[in-house]
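Residue numbers (the numbering used here), protein chains in the order written: chain A, 1 to 114; chain B, 115 to 229.
To start, the structure under review is shown below, and the notes come after it.
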Amino acid sequence: DAKTTQPNSMESNEEEPVHLPCNHSTISGTDYIHWYRQLPSQGPEYVIHGLTSNVNNRMASLAIAEDRKSSTLILHRATLRDAAVYYCILRDGLEETSGSRLTFGEGTQLTVNP
Amino acid sequence: GAGVSQTPSNKVTEKGKYVELRCDPISGHTALYWYRQSLGQGPEFLIYFQGTGAADDSGLPNDRFFAVRPEGSVSTLKIQRTERGDSAVYLCASSLTGAYTDTQYFGPGTRLTVL
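As structure tokens, this is what we get:
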């Protein structure tokens with residue numbers, strides 16, 4: 001599985017934008033980039049995913065570098081509820097079984113200050 | 115609608131005992147996953163079911179761990195001869211088809227403590 005690298009922790013202020021980086025220099029052409037987050041004492045929840053183009057949804061935006069070796073999850077206005085561990089995960093679109101599972105790293109712990 | 119549920123929420127057992135952890139997936143989801151999360155770590159994949167069959171059990175750490183999904187819905191993770199190192203939060207997730215673009219929906223987990 002291709003590996004991702006994320007900072008251990010980041011801090012933000014409430015109502016400010018947050019940019020969470022992820023490096024995946026060994027990404028293959030069929031790997032999808034997924035982001036999940038885990039709030040305290042809860043299971044992970046889906047945030048967003050993409051392949052090549054930037055993506056937007058109600059939760060966040062995903063900016064993917066042109067060479068796909070890095071991506072950035074953007075929270076446009078952080079709230080206290082966004083304090084969580086954010087995981088950047090690659091899923092192989094060619095592998096029927098291994099592409100199905102999620103391979104989590106240690107993620108980035110986001111702290112949001114009031 | 116109802117999300118993924120897991121029972122019990124907490125389980126304390128003694129070393130050497132047998133435990134069963136239950137997962138109720140979202141109705142209609144054919145894919146079901148078990149993960150294990152140790153303190154301070156990200157979840158670690160254990161097993162993936164497609165319908166009633168285990169499509170990928172490569173994450174099960176040893177033969178003390180076993181999981182079933184006999185009717186393609188509820189799943190049970192079984193751990194024999196528990197060890198202190200088995201203490202962790204066991205997470206279950208389900209998705210509609212298991213495709214690599216499918217969202218996985220996670221339950222709240224079962225916290226297992228082996229004394």
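We put the CB at the ideal spot given by N, CA and C, even for glycine.
For residue i, which option in the options has the closest C-alpha, if you only look at C-alpha atoms?
i, options, result
"residue 189 (chain B)", "B:123, B:167, B:227", "B:167"
"residue 54 (chain A)", "A:38, A:46, A:37, A:32", "A:32"
"residue 23 (chain A)", "A:3, A:84, A:62, A:17", "A:3"
"residue 146 (chain B)", "B:156, B:124, B:171, B:122", "B:171"
"residue 142 (chain B)", "B:212, B:124, B:229, B:180", "B:212"
Using a threshold of 8 Å, is the CB atom of residue i nearer than that to any non-hydrogen atom of the ligand FMN?
i, result
"residue 172 (chain B)", "Of the ligands one can find in the structure shown there are none, so the ligand FMN has no counterpart to examine."
Compute the Euclidean distance between the alpha carbons of residue i and residue j, then round it to the nearest angstrom.
i, j, result
"residue 79 (chain A)", "residue 178 (chain B)", "43 Å"
"residue 25 (chain A)", "residue 70 (chain A)", "7 Å"
"residue 209 (chain B)", "residue 218 (chain B)", "5 Å"
"residue 182 (chain B)", "residue 191 (chain B)", "7 Å"
"residue 89 (chain A)", "residue 206 (chain B)", "18 Å"
"residue 40 (chain A)", "residue 154 (chain B)", "11 Å"
"residue 75 (chain A)", "residue 60 (chain A)", "5 Å"
"residue 117 (chain B)", "residue 127 (chain B)", "27 Å"
"residue 122 (chain B)", "residue 66 (chain A)", "46 Å"
"residue 47 (chain A)", "residue 133 (chain B)", "33 Å"
"residue 58 (chain A)", "residue 7 (chain A)", "24 Å"
"residue 204 (chain B)", "residue 62 (chain A)", "29 Å"
Does residue i have its Cβ less than 9 Å from a Cβ in chain A?
i, result
"residue 197 (chain B)", "no"
"residue 118 (chain B)", "yes"
"residue 205 (chain B)", "yes"
"residue 194 (chain B)", "no"
"residue 167 (chain B)", "no"
Can a CB atom of chain B be found closer than 9 Å to the CB of residue i?
i, result
"residue 115 (chain A)", "Shown here, chain A extends from 1 to 114; a query on residue 115 (chain A) therefore has no answer."
"residue 53 (chain A)", "no"
"residue 91 (chain A)", "yes"
"residue 29 (chain A)", "no"
"residue 66 (chain A)", "no"
"residue 76 (chain A)", "no"
"residue 110 (chain A)", "no"
Report the CB separation of residue i from residue j in whole angstroms; it is logged as a contact under 8 Å.
i, j, result
"residue 221 (chain B)", "residue 43 (chain A)", "5 Å"
"residue 202 (chain B)", "residue 151 (chain B)", "6 Å"
"residue 224 (chain B)", "residue 160 (chain B)", "Contact flag wrong, Cβ pair sits at about 13 Å."
"residue 111 (chain A)", "residue 9 (chain A)", "7 Å"
"residue 129 (chain B)", "residue 198 (chain B)", "6 Å"
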